[in-house]
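Colleague:
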Amino acid sequence: MQRIGALQICKFFLIAITHSPIYHTDVVCISRVSIMLSELEIRKFRTFKELYVRDLSRVNLFVGRNNSGKTTILEAAEILLSTNIVSAVAGCATRRGEIYVQREKDRAGRYVDLSHLFYGHECEVGTEFQIKGVESNTKLELKCVVYPSDDTSNADKAYALFSDDDALEPRLALSIHHSRSNEPVILPISFSGAISIDFVRRQSTKLNSDEKPVSFVRTEALDSFELQEFWDSIALTEEEANIIESLRILEPMIERIAFLSSRSYYRYASSSGGIYVKLRNLESRVPLGSLGDGIRHLLTTSTAVSRSSHGFVMIDEIDTGLHHSVMSDMWRVLIATAKRLDVQLFATTHSLDCVRSLAWLSSNEPDLCEGVRLHRVDEERDRTVVYTPDEISIAAEQHVELRG
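Numbered per the numbering used here, the sequence shown finishes at 436, counting up by one with no gaps.
1) With DSSP as the reference, please indicate the residues paired to Val178 in a beta bridge.
2) Only counting the same chain, and skipping five residues up and downstream in sequence, which positions put a Cβ closer than 6 Å to that of Thr420?
3) Do Ser228 and Ile218 have their CB atoms nearer than 8 Å?
4) For the candidate residues Thr159, Gly165, Ala120 and Val118, whose alpha-carbon lies nearest to that of Thr88?
5) Whose C-alpha, out of Leu320, Asp264, Val309 and Leu292, is nearest the C-alpha of Ala253?
6) Out of Ala336, Ser341 and His329, which one is the CA nearest neighbour of Val358?
7) Sorted by chain position, which residues of the same chain lie with C-beta nearer than 8 Å to Asp58's C-beta, five sequence neighbours on each side aside?
8) Can you list, in chain order, the residues of its chain whose CB lies under 7 Å from that of Val177, leaving out five sequence neighbours each side?
9) What residues are listed by DSSP as bridge partners for Asn92?
10) Do you know whose CA, among Arg364, His209, Tyr151 and Ser334, lies nearest Asn396's CA?
11) Quick one: residues in its chain with C-beta nearer than 6 Å to the C-beta of Ile289, no 5 flanking neighbours on either side, listed in chain order?
12) Please say whether Val409 and Phe150 have beta carbons closer to each other than 8 Å?
13) Closer than 7 Å by C-beta to Met362: which residues in its own chain qualify, once you throw out the five before and the five after it? Chain order, please.
14) Counting only runs that start and end within the region 82-126, where is the alpha helix (DSSP H) found for 4 or more residues in a row?
15) According to DSSP, simplified to helix, strand and coil, what is Thr333?
16) Quick check on DSSP: helix, strand or coil for Phe161?
17) Ile286 to Ile367, Cα distance in whole Å?
18) Looking at the secondary structure, which residues open and close the beta strand (DSSP E) in which Ile221 lies?
19) DSSP has Asp145 in a bridge; who is on the other side?
20) Among the residues of its own chain, which have a CB less than 6 Å from the CB of Gly101, if the five just before and after it don't count?
21) Going by DSSP, what residues sit across from Tyr419 in a beta bridge?
22) In chain order, what residues of the same chain have a beta carbon less than 6 Å from the beta carbon of Glu73, not counting five sequence neighbours either side?
23) I believe Val249 touches Ala336 by the beta-carbon criterion, under 8 Å. Please report the beta-carbon distance rounded to the nearest angstrom.
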């Protein structure tokens with residue numbers, strides 16, 4: 033009887049403290065932290081016939097030879113986790129320049145070519161790819177299958193968005209089904225796998241779930257308009273000051289940053305036009321572009337993580353434009369921000385210096401890096417090779433294979 037009474041008292045005590053105002057914040061944080069992708073399975077998506085990625089953690093760095101599929105892993109995670117599937121699928125193609133171009137017609141850029149998302153670059157009836165994962169102990173599954181287009185009502189609506197070229201008529205249908213949605217999304221596509229960009233833009237289907245931000249930072253610099261959208265999401269918040277502090281890794285004199293451009297600047301894809309910084313002891317403002325590509329990339333990556341609280345960030349070629357001497361500082365800032373804001377980070381690199389800097393940080397600041405994993409992608413294996421923080425140093429010393 034005394035033992036039962038003690039258990040009841042303990043149960044009562046736990047209920048009391050978890051409902052108290054003092055304890056409430058910690059309960060929420062514990063729940064949020066657990067919301068991460070722990071594993072990923074890819075089938076017939078791009079270069080992978082089959083790939084398993086296990087032991088995903090807070091921060092994940094993927095290395096491997098050229099064309100081994102590092103970026104594809106980031107894309108697969110993005111599609112699986114995104115709340116807007118259509119936009120995510122089309123975005124994977126447009127970022128790589130997979131645009132359908134009609135010969136002898138000035139219609140380039142009007143169609144996204146989805147055929148390259150499929151293993152073997154073929155889009156025909158029965159072609160499919162699957163992406164599976166486990167997020168917070170919940171199984172997720174996305175399946176894309178090409179069918180004959182037998183939904184004439186949907187096809188009729190789509191014809192107006194396609195050209196009069198017979199090769200582009202939406203004769204097929206791409207069915208995208210996610211385990212978090214009751215109904216599949218049906219996209220009208222041509223025999224070649226093309227879909228109208230206008231049709232994609234009109235789709236706003238989102239999954240019936242709590243929206244968690246998903247940001248993808250591509251290798252090429254974001255244009256000023258995209259970067260300003262990132263910045264606007266954190267402007268005048270505590271994170272703005274944190275980002276300024278991170279930029280001081282490269283330029284200690286930076287005090288402020290501002291976006292002052294008109295939209296006329298935005299047509300220059302890699303331009304920093306209209307983005308200015310205020311440097312200490314200098315009266316005139318300085319264009320961001322004058323400080324080099326590295327600081328722009330650091331601004332982009334830092335802002336992407338800061339705006340994605342309780343979400344996910346994918347960064348392709350995370351070391352772009354950075355000298356090896358500052359990479360450890362870059363890692364320290366991004367890892368600390370990801371932990372503080374409960375962000376899961378996926379990144380790729382070709383740089384051994386980038387791996388060595390992460391190894392150095394893991395050895396010297398083990399508490400900070402306990403949630404870091406290095407994944408080596410080998411096209412001859414059906415799963416990645418995973419290195420824990422303690423093993424990353426060994427991998428760096430052995431010159432883990434990064435490129436062919």
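For glycine and all other residues, C-beta sits at the position ideal for the given N, C-alpha and C.
Modeller: By the coordinates alone:
1) Locating residue 178 in the sequence shown gives position 146, where the first residue counts as 1. Paired residue(s): Leu206.
2) Residue mapping note: residue 420 aligns to position 388 of the sequence shown, counting from 1. For Thr420, where only same-chain residues beyond five positions count, there are no Cβ hits under 6 Å.
3) The count along the sequence shown starts at 1 and reaches residue 228 at position 196. The count along the sequence shown starts at 1 and reaches residue 218 at position 186. Their beta carbons are not under 8 Å apart, which means Ser228 does not touch Ile218 by this criterion.
4) As a working note, residue 88 is residue 56 in the sequence shown. The amino acid at residue 88 is misidentified as Thr; the sequence shows Leu. For Leu88, the nearest C-alpha among the options comes from Gly165.
5) One-based indexing of the sequence shown puts residue 253 at position 221. Closest by alpha carbon: Leu320.
6) Against the sequence shown, residue 358 aligns to sequence position 326. If we check each option's Cα against that of Val358, His329 comes out closest.
7) As a first step, residue 58 must be located in the sequence shown, where it is residue number 26. Summary for Asp58: the model assigns pLDDT 31, below 50, so the residue's position carries little reliability; its value from the coordinates is reported in the next sentence. So no residue of the chain qualifies.
8) Translated into the one-based positions of the sequence shown, residue 177 becomes position 145. Glu160 and Ser207, listed in sequence order.
9) Working through the sequence shown from its first residue, we reach residue 92 at position 60. Beta-bridge pairing links Asn92 to Phe378 and Arg405.
10) Here residue 396 corresponds to residue number 364 of the sequence shown, with the count starting at 1. Answer by Cα proximity: Arg364.
11) Here the question's residue 289 lines up with position 257 in the sequence shown. Val309.
12) Within the sequence shown, the letter at position 118 stands for residue 150. Within the sequence shown, the letter at position 377 stands for residue 409. Going by C-beta atoms, Phe150 is not nearer than 8 Å to Val409.
13) Along the sequence shown, read from residue 1 onward, the residue named residue 362 stands at position 330. Same-chain partners within the cutoff: Ile281, Leu330 and Leu354.
14) 102-113
15) Start at 1 with the first residue of the sequence shown, and residue 333 comes out as number 301. Helix.
16) As a first step, residue 161 is located in the sequence shown; it is residue number 129 there, counting from the start. Reduced to three states, the DSSP call for Phe161 is strand.
17) By one-based count along the sequence shown, residue 286 stands at place 254. By one-based count along the sequence shown, residue 367 stands at place 335. Going by the C-alpha atoms only, they are around 22 Å apart.
18) By 1-based counting over the sequence shown, the position of residue 221 is 189. Its beta strand (DSSP E) spans residues Val217 to Ile221.
19) Counting from 1 along the sequence shown, the entry for residue 145 is found at position 113. Asp145 pairs with Ala226.
20) Within the sequence shown, residue 101 is the residue found at index 69, counting from 1. Result list for Gly101: Thr79, Phe80 and Val409, in chain order.
21) Taking the sequence shown and counting its residues from 1, one reaches residue 419 at position 387. In the DSSP output, where bridge partners are listed per residue, Tyr419 has Leu406.
22) In the sequence shown, residue 73 corresponds to position 41, counting from 1. If we look at Glu73 and ignore the five residues flanking it on each side, its Cβ neighbours are Tyr84 and Lys164.
23) Here residue 249 is taken as the residue at index 217 of the sequence shown, counted from 1. Here residue 336 is taken as the residue at index 304 of the sequence shown, counted from 1. Correct: roughly 5 Å between the Cβ atoms.
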